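Worksheet: the structure to be examined is printed underneath.
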Amino acid sequence: MTAASTTATTMLQATQSDVLQEIQSNFLLNSSIWVNIALAGVVILLFVAMGRDIESPRAKLIWVATMLVPLVSISSYAGLASGLTVGFLQMPPGHALAGQEVLSPWGRYLTWTFSTPMILLALGLLADTDIASLFTAITMDIGMCVTGLAAALITSSHLLRWVFYGISCAFFVAVLYVLLVQWPADAEAAGTSEIFGTLKILTVVLWLGYPILWALGSEGVALLSVGVTSWGYSGLDILAKYVFAFLLLRWVAANEGAVSGSGMSIGSGGAAPADD
1 MTAASTTATT MLQATQSDVL QEIQSNFLLN SSIWVNIALA GVVILLFVAM
51 GRDIESPRAK LIWVATMLVP LVSISSYAGL ASGLTVGFLQ MPPGHALAGQ
101 EVLSPWGRYL TWTFSTPMIL LALGLLADTD IASLFTAITM DIGMCVTGLA
151 AALITSSHLL RWVFYGISCA FFVAVLYVLL VQWPADAEAA GTSEIFGTLK
201 ILTVVLWLGY PILWALGSEG VALLSVGVTS WGYSGLDILA KYVFAFLLLR
251 WVAANEGAVS GSGMSIGSGG AAPADD
């Protein structure tokens with residue numbers, strides 16, 4: 001190992017140690033992470049029990065997508081708790097905290113990048129939508145999360161932070177369009193409109209909270225502290241992931257017949273092809 005690589009390794013370890021110490025000294029931040037880890041563990045065990053009797057292919061796909069939400073979350077939050085996916089960022093000129101080093105739990109964006117597509121997959125399967133529509137929703141969602149991460153990590157320009165924030169919000173609008181305009185008709189045709197409507201409203205209302213918290217927190221105008229912002233995100237995650245997933249899986253387990261088809265069709269909506 002060269003002297004340069006040894007120095008880099010030492011600096012990385014020192015940085016992680018500093019970050020971990022900062023996390024552990026911030027009660028709000030630390031508790032917001034560990035509460036989510038504990039809840040995710042309980043939810044995983046609960047969902048395993050709830051899905052043990054599910055048999056139809058489409059219902060199983062919904063269950064798998066639902067299970068992946070807490071599985072991704074517990075892994076990602078463990079990364080936050082260890083300091084692996086948290087860092088200090090010096091805010092650029094023009095920011096409310098310009099020149100200051102701010103603790104950035106950027107690993108949350110990894111959570112959202114891998115878990116929110118599973119939420120949309122489960123909703124799309126519930127509505128029995130077509131593959132093109134589902135692909136659109138998931139790719140727009142990933143774009144939203146990745147550009148949100150860019151907005152949080154940019155330290156070279158205050159303006160560019162907000163530019164990426166705007167791009168992320170544009171991706172979000174595309175996701176909202178699919179959820180509010182396209183999929184309700186598919187769910188109506190599939191006979192799952194009642195539960196889809198409940199989960200759709202829950203998802204839309206809670207997901208709107210994330211960009212608001214970004215704007216108000218240290219990443220945006222810094223009206224909220226890192227700890228308060230972290231608890232805000234954790235609270236939204238608990239409701240938008242665990243409560244959402246519980247309601248969906250409970251309904252699917254009790255109404256498996258309503259989602260007993262083989263899955264999505266490659267066409268418009270979930271309608272079966274007409275006979276020749």
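Just so you know, we're using the UniProt record's numbering here: the sequence shown kicks off at 1 and counts up by one.
For glycine and all other residues, C-beta sits at the position ideal for the given N, C-alpha and C.
If you're wondering where the values come from, they're calculated on a predicted model, not measured in any experiment.
Is the number of C-beta pairs between the region 69 to 76 and the region 240 to 250 that are closer than 8 Å three or more? Touching, per the Cβ criterion.
Should Ser115 be labelled buried (16 or more other beta-carbon atoms within 10 Å of its own) or exposed? buried
How would you call Phe135, buried or exposed, if buried means at least 16 neighbouring beta carbons within 10 angstroms? exposed
Contacts around Met50, its chain only, beta-carbon distance under 7 Å, and the 5 residues preceding and following it disregarded: Result list for Met50: Leu249, Arg250, Ala253, in chain order.
Of the residues Leu149, Gly124, Ser218, Val42, the one placed nearest Trp106, counting alpha carbons only: Leu149
Secondary structure of Gln100, DSSP reduced to three states: Under the three-state reduction of DSSP, Gln100 is assigned to coil, being neither helix nor strand.
Assess, as a yes-or-no matter, whether the region 175 to 191 is touched by the region 113 to 129 under the definition of 3 or more beta carbon pairs within less than 8 Å. yes
How do the region 91 to 111 and the region 216 to 228 stand: do at least 3 beta-carbon pairs fall below 8 Å, yes or no? yes
Given a cut-off of 9 Å, decide if Leu103 and Val86 are closer than it, judged by their beta-carbon atoms. yes
Between the C-alpha atoms of Trp34 and Lys60, what's the straight-line distance to the nearest angstrom? Their backbone Cα atoms lie some 30 Å apart in a straight line.
Could you give the DSSP three-state label for Gly87: helix, strand or coil? strand
What are the boundary residues of the alpha helix (DSSP H) that includes Thr113? 108 to 127
Rank Gly143, Ala215, Gly191, Tyr177 by C-alpha distance to the C-alpha of Ile201 and give the top, closest one. Each of Gly143, Ala215, Gly191, Tyr177 was checked against the Cα of Ile201, and the nearest Cα belongs to Tyr177.
Are the CB atoms of Glu256 and Ile54 nearer to each other than 9 Å? Contact flag set, yes.
For Ser17, count neighbouring C-beta atoms within 10 Å of its own C-beta (all shown protein chains included) and say buried if the count is 16 or more, exposed if not. exposed
Straight-line CA distance for Thr139 to Met118? Approximately 12 Å between the Cα atoms of the pair.
If I measure Cβ to Cβ from Ala245 and keep anything under 6 Å in the same chain, skipping five residues before and after, which residues do I get? Thr66, Val69
Are there 16 or more other CB atoms within 10 angstroms of the CB of Ser156, so buried, or fewer, so exposed? Taking all protein chains shown into account, Ser156 has fewer than 16 neighbouring C-beta atoms within 10 Å of its C-beta and is therefore exposed.
Hey, Ala78 and Ile37: beta-carbon distance below 9 Å or not? yes
Reduced DSSP category for Ser268 - H, G, I as helix; E, B as strand; rest coil: Note that Ser268 scores a pLDDT of 42, beneath 50, so its modelled location is shaky and nothing firm can be said.
Which value, in whole angstroms, describes the spacing of the CA atoms of Phe47 and Ser260? 19 Å
Using the beta-carbon count (16 or more within 10 Å), is Leu120 buried or exposed? buried
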